[in-house]
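J.: This structure is in C-alpha cells; I'll ask about it shortly.
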Amino acid sequence: MESIQESFNKMPGNKKFQQQYQEMKKAIMADADIRAFIDEHDEIDDKMVDRSLARLYEYTTQAKRCEGCPGLTNCINMMQGYEPELFINRSVIDIRYNRCPTRIEEEKNKKRNEMIQSYYIPKEILQATFADLDDEDPVRVEAIGTAIQYVEDFVPGETSKGLYIHGGFGVGKTFILGAIANQLAKDKGVRSQFIYTPDFFRQMKSAIQDQSIDAKLDYLKETPLLILDDIGAENISSWVRDDILGALLQYRMTEGLPTLYSSNLDYSLLEEHLAYSHKSGIEETKAKRIMERIKHFTTPVFLEGKNRRT
Numbered sequence: 037m038e039s040i041q042e043s044f045n046k047m048p049g050n051k052k053f054q055q056q057y058q059e060m061k062k063a064i065m066a067d068a069d070i071r072a073f074i075d076e077h078d079e080i081d082d083k084m085v086d087r088s089l090a091r092l093y094e095y096t097t098q099a100k101r102c103e104g105c106p107g108l109t110n111c112i113n114m115m116q117g118y119e120p121e122l123f124i125n126r127s128v129i130d131i132r133y134n135r136c137p138t139r140i141e142e143e144k145n146k147k148r149n150e151m152i153q154s155y156y157i158p159k160e161i162l163q164a165t166f167a168d169l170d171d172e173d174p175v176r177v178e179a180i181g182t183a184i185q186y187v188e189d190f191v192p193g194e195t196s197k198g199l200y201i202h203g204g205f206g207v208g209k210t211f212i213l214g215a216i217a218n219q220l221a222k223d224k225g226v227r228s229q230f231i232y233t234p235d236f237f238r239q240m241k242s243a244i245q246d247q248s249i250d251a252k253l254d255y256l257k258e259t260p261l262l263i264l265d266d267i268g269a270e271n272i273s274s275w276v277r278d279d280i281l282g283a284l285l286q287y288r289m290t291e292g293l294p295t296l297y298s299s300n301l302d303y304s305l306l307e308e309h310l311a312y313s314h315k316s317g318i319e320e321t322k323a324k325r326i327m328e329r330i331k332h333f334t335t336p337v338f339l340e341g342k343n344r345r346t
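Residue numbers 37 to 346, in the numbering used here, belong to the letters of the sequence shown in order.
Right, here's the structure in full:
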C-alpha cells in the first residue's frame with residue numbers, strides 16, 4: 037500500500053504538496069489521543085503513520101467521549117451517535133466506530149420506556165422519576181418514602197403485594213406511580229402496564245363489538261406489574277366490576293402478581309363505590325369480594341398535600 041508521502045514524491049512540482057503534507061502531519065501528530073495511541077504500540081513506525089495519515093486525519097475531525105455534545109440529532113460525527121476508536125489493522129492504523137455514551141444512554145432510556153406500556157396516561161407521567169418529586173412538603177415525605185422503599189424491596193417474580201395510594205385531587209398520586217414504574221424498569225427490568233382505569237373500562241365495553249375483550253384482559257392479567265390509576269372514578273356496572281375487574285384481580289391474586297392503585301377514595305369509600313351500579317342497585321357482597329382482593333394484596337398509602345393542578 038502506497039503512502040501519501042510516496043504519492044507526493046512522484047508528483048511534479050511537489051514542494052507545495054510536501055509543505056502541506058508536513059503541516060497536516062504535524063497537526064495530526066499533535067492530537068493527544070493519537071499521540072497516546074502511538075506511544076502504547078511499539079510496532080508503529082513512521083511508515084505506518086504515513087500509510088495511515090488519511091484515517092488519522094478523519095479521527096481528528098470526530099468528537100470523542102461526547103465532549104460538547106449537542107445531542108444525537110446534531111451529532112457532528114460521520115456516524116451520528118458513534119465515536120471513533122483507533123486500532124491496528126495489519127500494517128495501518130485504522131478506525132472503528134462504537135456507540136457513544138449519549139447513544140448508549142438514549143438506548144437504555146428507550147428500552148426502559150418500552151417496558152412501560154400505557155392506556156391513556158400522559159407522557160410526563162411515563163417519564164416521572166423520584167428526583168422530580170417535591171419532597172419538601174412534610175405531609176408528602178412519608179408517602180414518597182414508602183414508594184421508594186417499595187422499589188428497593190421489590191423482587192421480580194417474588195413480590196406479590198402492591199400499594200394503594202389514595203388522597204385528594206391533584207396531590208401527585210399518579211406521578212408517584214409513574215416514578216415507581218420507571219425506577220423498577222431501570223433498576224430491576226420490570227415490565228409494567230399503566231392504565232387510566234375509567235377510560236380503560238369504557239374501552240372494554242366497546243371491545244364487545246370486535247370480540248377483543250378476552251385478548252386485552254389476558255394481556256393485563258399476565259403483565260408483571262399492573263398499575264390501575266384513578267380507580268373509583270369510573271361509572272361502575274356489575275359487568276365491569278365482576279367480569280372485568282373481578283376476573284382481572286382474581287387471576288393476579290392467584291398468580292401472585294403485584295398491582296398498584298391510585299384513587300381519590302380510601303378502602304371504605306371504594307367499597308361503597310363498587311357496591312352500587314345503576315342497573316343492579318346495591319350489591320355489597322360482590323363489592324366486598326373485590327375489596328378483599330385489593331386489601332389483602334396492597335399496603336395503603338395516604339398522600340396529602342395541595343392540589344397541584346390549580
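Glycine included, every Cβ here is placed at the ideal spot set by N, Cα and C.
List the DSSP bridge partners of HIS332.
T.: The residue you call residue 332 lines up with position 296 of the sequence shown. None, per the DSSP bridge assignment.
J.: Go to LEU264, then tell me how far its beta strand (DSSP E) extends in each direction, as first and last residue.
T.: Position 228 of the sequence shown, counting from 1, holds the residue named residue 264. Its beta strand (DSSP E) spans residues 261–265.
J.: Compute the Euclidean distance between the alpha carbons of GLN247 and MET240, then round it to the nearest angstrom.
T.: Working through the sequence shown from its first residue, we reach residue 247 at position 211. Working through the sequence shown from its first residue, we reach residue 240 at position 204. Whole-angstrom Cα-Cα distance: 10 Å.
J.: Quick one, are the C-beta atoms of TYR297 and ILE272 less than 9 Å apart?
T.: Taking the sequence shown and counting its residues from 1, the one referred to as residue 297 is at position 261. Taking the sequence shown and counting its residues from 1, the one referred to as residue 272 is at position 236. Against a cut-off of 9 Å, the Cβ pair of ILE272 and TYR297 comes out as no contact.
J.: For LEU293, collect the residues of the same chain with a Cβ closer than 6 Å to its Cβ; drop the 5 residues on either side in sequence, then sort them by chain order.
T.: For this step, residue 293 is matched to residue 257 along the sequence shown. The answer is none, since no qualifying residue turns up.
J.: DSSP on PHE237, reduced to helix/strand/coil?
T.: As a position in the sequence shown, residue 237 is number 201, starting the count at 1. Looking at PHE237 - three-state DSSP - the assignment turns out to be helix.
J.: With H, G and I counted as helix, E and B as strand and the rest as coil, what does DSSP make of GLU194?
T.: Here residue 194 refers to the residue found at position 158 of the sequence shown. If DSSP states are grouped into helix, strand and coil, GLU194 belongs with coil.
J.: Between MET115 and TYR133, how many whole angstroms is the CB-CB distance? I'm expecting something under 8 Å.
T.: As a working note, residue 115 is residue 79 in the sequence shown. As a working note, residue 133 is residue 97 in the sequence shown. With a Cβ gap of about 5 Å, MET115 and TYR133 count as contacting.
J.: What are the residues that DSSP puts in a beta bridge with PRO120?
T.: For the purposes of this step, residue 120 is taken as the residue at position 84 of the sequence shown. Answer is TYR133.
J.: Within the same chain, show all residues whose beta-carbon is closer than 7 Å to that of LEU301, passing over the 5 residues directly before and after it, in chain order.
T.: The sequence position of residue 301 within the sequence shown is 265, counting from 1. These residues qualify, in order along the chain: HIS202, GLY268 and HIS309.
J.: Tell me, please, which residues DSSP counts as bridged to HIS202.
T.: Translated into the one-based positions of the sequence shown, residue 202 becomes position 166. SER299 and PHE338, per the DSSP bridge assignment.
J.: Compare the C-alpha of GLU270 against each of GLU172, ALA68 and PHE236 and name the closest.
T.: In the sequence shown, the residue the question calls residue 270 occupies position 234. Taking only the C-alpha atoms, the option nearest GLU270 is PHE236.
J.: Using 9 Å as the threshold, is the C-beta distance between ARG277 and LYS209 below it?
T.: Numbered from 1 along the sequence shown, position 241 holds the residue referred to as residue 277. Numbered from 1 along the sequence shown, position 173 holds the residue referred to as residue 209. Cβ atoms of ARG277 and LYS209: not closer than 9 Å.
J.: So what does DSSP say about GLY268, is it helix, strand or coil?
T.: Stepping through the sequence shown from its first residue, residue 268 is reached at position 232. Reduced to three states, the DSSP call for GLY268 is coil.
J.: What ranges does the alpha helix (DSSP H) occupy inside the segment 81–107, keeping only unbroken runs of at least 4 residues that lie completely in it?
T.: As far as the segment 81–107 is concerned, its whole alpha helix (DSSP H) runs of at least 4 residues are 82–87 and 89–96.
J.: Using CA atoms only, rank isn't needed, just tell me which of LYS257, ASN145 and ALA66 is closest to GLN219.
T.: Within the sequence shown, numbered from 1, the residue matching residue 219 stands at position 183. Checking every option, the nearest Cα to that of GLN219 belongs to ASN145.
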